[in-house]
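Okay, so the sequence shown: first residue is 386 according to the working numbering, each after it adds one.
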Amino acid sequence: MLPAADTIAGIATPVGIGGVGIVRISGKNAYKILARVIKLATGQAIKSHLMLHGFIVDPTTGSRLDKAMACFMQSPKSFTGEDVVEIYCHGGQAVLQEVLALVLRQGASLAGRGEFTKRAFLNSKIDLSQAEAVLDLVKAPTAKGAGLALAQLEGRLSSAINNLRSRLIKLQAEIEGQIDFSDDLPALDYNCLQNDLQAIREEIKKLLASAPSGRIYRQGLATAIIGKPNVGKSSLLNALLKEERAIVTDVPGTTRDTIEELVDINGFPLRIIDTAGLRHAKDKVEGFGIERTEKELAAADFVLAVLDRSKKLDELDLLVLSKSNDKPGVIVLNKSDLPKVMEAREFSWPMVEISALKGEGIDDLSSVIISELNKLFGQESSASVIINARHQECLARADSSLAKAAETVAQKMSAEFVAVDLKEAIVALGEVTGEIVSDEIINTIFEQFCVGK
Ligand SMILES: Nc1nc2c(ncn2[C@@H]2O[C@H](COP(=O)(O)OP(=O)(O)OP(=O)(O)O)[C@@H](O)[C@H]2O)c(=O)[nH]1
Ligand SMILES: [Mg+2]
Numbered sequence: 386m387l388p389a390a391d392t393i394a395g396i397a398t399p400v401g402i403g404g405v406g407i408v409r410i411s412g413k414n415a416y417k418i419l420a421r422v423i424k425l426a427t428g429q430a431i432k433s434h435l436m437l438h439g440f441i442v443d444p445t446t447g448s449r450l451d452k453a454m455a456c457f458m459q460s461p462k463s464f465t466g467e468d469v470v471e472i473y474c475h476g477g478q479a480v481l482q483e484v485l486a487l488v489l490r491q492g493a494s495l496a497g498r499g500e501f502t503k504r505a506f507l508n509s510k511i512d513l514s515q516a517e518a519v520l521d522l523v524k525a526p527t528a529k530g531a532g533l534a535l536a537q538l539e540g541r542l543s544s545a546i547n548n549l550r551s552r553l554i555k556l557q558a559e560i561e562g563q564i565d566f567s568d569d570l571p572a573l574d575y576n577c578l579q580n581d582l583q584a585i586r587e588e589i590k591k592l593l594a595s596a597p598s599g600r601i602y603r604q605g606l607a608t609a610i611i612g613k614p615n616v617g618k619s620s621l622l623n624a625l626l627k628e629e630r631a632i633v634t635d636v637p638g639t640t641r642d643t644i645e646e647l648v649d650i651n652g653f654p655l656r657i658i659d660t661a662g663l664r665h666a667k668d669k670v671e672g673f674g675i676e677r678t679e680k681e682l683a684a685a686d687f688v689l690a691v692l693d694r695s696k697k698l699d700e701l702d703l704l705v706l707s708k709s710n711d712k713p714g715v716i717v718l719n720k721s722d723l724p725k726v727m728e729a730r731e732f733s734w735p736m737v738e739i740s741a742l743k744g745e746g747i748d749d750l751s752s753v754i755i756s757e758l759n760k761l762f763g764q765e766s767s768a769s770v771i772i773n774a775r776h777q778e779c780l781a782r783a784d785s786s787l788a789k790a791a792e793t794v795a796q797k798m799s800a801e802f803v804a805v806d807l808k809e810a811i812v813a814l815g816e817v818t819g820e821i822v823s824d825e826i827i828n829t830i831f832e833q834f835c836v837g838k
């Protein structure tokens with residue numbers, strides 16, 4: 386736990402040049418520090434939740450550092466639950482570093498990664514799954530992902546978990562009552578208990594089913610474009626991005642190293658990876674490129690295999706397809722603007738004809754990708770709550786404890802055994818929201834944040 390008196394400060398905006406840059410302070414001395422460093426415009430006084438305007442001034446030298454706005458948010462009505470100050474400076478690194486250094490000289494200590502959000506959690510402003518949602522929200526690669534993170538920040542996952550947890554606590558209370566006062570209370574209705582456990586397990590399973598799409602909304606779907614040299618892989622990347630990102634030439638072997646770009650297809654973040662054409666390498670550099678392609682292919686979640694339909698299908702095309710046939714994907718028949726030479730053939734993947742050069746068929750390709758992803762992730766791709774790997778582990782543990790409980794109930798064994806399993810499930814669910822969680826887990830979570838968040 387943090388010493389409550391410790392006041393922290395950090396730059397909340399990213400490194401670089403921006404219109405505005407924010408220095409954030411949280412803790413008992415936030416007000417005092419602001420009062421020392423701001424020279425307010427005439428007629429203004431520091432009041433909570435009111436925008437202030439003035440100069441940031443070093444009180445020991447009297448020198449002005451910036452003309453800025455600031456806001457004081459009195460505890461507990463602030464993000465961290467403590468007194469918080471935000472100073473809105475001009476967004477250059479020199480100014481921000483100077484203002485931060487000034488604030489630190491007034492006694493604040495430099496905030497660690499995610500320390501503001503950690504304080505919000507420790508002060509019960511948000512639970513652990515909401516704190517994780519803050520990170521998901523700032524890192525979300527698409528608007529859909531951001532929307533899901535925001536729903537989690539607003540407590541959608543927390544309320545689902547709290548609901549399950551309180552139902553289990555109620556069952557546990559009934560069982561423990563039965564254990565303690567079996568003579569006075571009516572006998573446990575094992576059928577009823579079994580039904581309740583079943584209903585709770587089904588809800589846990591629904592949450593668990595959202596894990597694969599959750600990973601994709603957070604990290605993006607690794608999508609490798611593969612194919613022989615010169616079939617138009619880089620042209621496809623450019624057509625999907627609608628910009629000339631990758632170099633395209635008529636020389637086979639143009640792409641030597643992989644290029645990765647994010648494309649939003651219907652809210653699905655696809656990390657599209659353009660690779661070096663697969664062939665028997667002629668030189669060392671090309672060899673490295675091809676090796677890299679194979680690695681990208683092995684790590685890919687989804688594949689776009691490009692074939693040049695203006696040429697006959699050959700051995701190398703088939704080799705390309707065979708290398709990736711253990712993955713889901715789409716066959717892209719490129720160069721539809723040229724006469725078709727490639728013979729019709731059936732493959733296990735759907736096929737789409739496009740002209741990457743002319744940008745034709747790209748919408749069809751996007752629709753086929755979407756329908757393949759919907760098949761892969763099912764209805765869960767449109768789930769309103771998505772869980773992460775940590776939640777998945779906790780929920781899986783809760784589910785296996787409940788499976789044990791259900792088994793015990795089925796065998797009509799003593800209620801004490803059921804109570805033990807229920808306890809485990811309650812603890813596991815409590816870990817999702819941070820109700821019961823170790824300092825080590827808390828630290829691991831907040832270490833993933835940036836400084837100032
Ligand atoms: N006619 C026609 N030409 C295309 C099309 N797509 C790509 N090309 C041409 O095919 C050649 C190769 O295109 P790239 O996109 O560089 O092919 P690549 O698969 O990335 O090639 P490597 O990086 O060498 O493996 C270029 O001359 C492109 O202009 C298309 O749809 N129609
Ligand atoms: Mg290329």
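All C-beta atoms, glycine included, are put in the ideal place defined by N, C-alpha and C.
Quick check on DSSP: helix, strand or coil for residue i?
{"i": "L758", "result": "helix"}
{"i": "A455", "result": "strand"}
{"i": "R490", "result": "helix"}
{"i": "V633", "result": "coil"}
{"i": "L387", "result": "Because the pLDDT of L387 is 43, which lies under 50, any placement of that residue in the model is unreliable, and the number read from its coordinates should be weighed accordingly. Note: L387 maps to coil in three-state DSSP."}
{"i": "L533", "result": "helix"}
{"i": "F834", "result": "coil"}
{"i": "A685", "result": "coil"}
{"i": "L807", "result": "helix"}
{"i": "E645", "result": "strand"}
{"i": "F506", "result": "helix"}
{"i": "K424", "result": "strand"}
{"i": "L663", "result": "coil"}
{"i": "D699", "result": "coil"}
{"i": "E820", "result": "coil"}
{"i": "R656", "result": "strand"}
Are the beta-carbon atoms of residue i and residue j separated by less than 8 Å?
{"i": "F762", "j": "P526", "result": "no"}
{"i": "K417", "j": "V442", "result": "no"}
{"i": "L742", "j": "D722", "result": "yes"}
{"i": "V488", "j": "I410", "result": "yes"}
{"i": "G599", "j": "I771", "result": "yes"}
{"i": "T640", "j": "D659", "result": "yes"}
{"i": "E646", "j": "L622", "result": "yes"}
{"i": "I393", "j": "E471", "result": "no"}
{"i": "I611", "j": "V688", "result": "yes"}
{"i": "I396", "j": "G406", "result": "yes"}
{"i": "R421", "j": "P444", "result": "yes"}
{"i": "N615", "j": "G662", "result": "yes"}
{"i": "V726", "j": "K760", "result": "no"}
{"i": "L840", "j": "L522", "result": "This structure gives no information on residue 840, because the portion of the chain shown stretches from 386 to 838."}
{"i": "I601", "j": "R552", "result": "no"}
{"i": "K613", "j": "R664", "result": "yes"}
{"i": "Y473", "j": "A496", "result": "no"}
{"i": "A804", "j": "Q557", "result": "yes"}
{"i": "A518", "j": "G652", "result": "no"}
{"i": "K838", "j": "T502", "result": "yes"}
{"i": "V836", "j": "R504", "result": "no"}
{"i": "S786", "j": "E809", "result": "yes"}
Taking only the alpha-carbon atoms, compute the straight-line gap between residue i and residue j and give it to the nearest angstrom.
{"i": "A389", "j": "N580", "result": "Any answer about A389 is weak, because its pLDDT of 45 lies below 50 and its placement is not dependable; what the coordinates show is given next. If you take the alpha carbons of A389 and N580, they lie about 46 Å apart."}
{"i": "A781", "j": "K627", "result": "42 Å"}
{"i": "L387", "j": "R603", "result": "The predicted position of L387 is uncertain, since its pLDDT is 43 and thus under 50; no value can be drawn from it."}
{"i": "T427", "j": "L437", "result": "11 Å"}
{"i": "T793", "j": "F802", "result": "7 Å"}
{"i": "S733", "j": "L704", "result": "15 Å"}
{"i": "I827", "j": "V817", "result": "11 Å"}
{"i": "P654", "j": "I402", "result": "27 Å"}
{"i": "G744", "j": "I644", "result": "20 Å"}
{"i": "S752", "j": "S709", "result": "21 Å"}
{"i": "F464", "j": "N414", "result": "16 Å"}
{"i": "A683", "j": "L758", "result": "19 Å"}
{"i": "Q777", "j": "S460", "result": "34 Å"}
{"i": "S799", "j": "N548", "result": "26 Å"}
{"i": "G477", "j": "Q833", "result": "25 Å"}
{"i": "K797", "j": "Y575", "result": "7 Å"}
{"i": "K789", "j": "L582", "result": "10 Å"}
Compute the beta-carbon to beta-carbon distance between residue i and residue j, rounded to the nearest angstrom, for a pair I have assumed lies under 8 Å.
{"i": "I830", "j": "L513", "result": "7 Å"}
{"i": "L538", "j": "Q515", "result": "5 Å"}
{"i": "D510", "j": "G466", "result": "The question names Asp, but residue 510 in the sequence shown is Lys. The pair is a contact, with the Cβ atoms about 5 Å apart (cut-off 8 Å)."}
{"i": "L625", "j": "I739", "result": "10 Å between Cβ atoms; not a contact."}
Tell me whether residue i counts as near ligand 4, meaning its Cβ is closer than 7 Å to at least one heavy atom of that ligand.
{"i": "T678", "result": "With respect to ligand 4, the structure shown offers nothing to examine, as its ligands consist of ligand 1 and ligand 2."}
Which whole runs of the beta strand (DSSP E) in the segment 709 to 794 are 3 residues long or more, in chain order?
-> 714 to 719, 736 to 738
Report the residue ranges of all alpha helix (DSSP H) runs contained in full by the segment 594 to 622; include only those spanning at least 4 residues, in chain order.
-> 596 to 604
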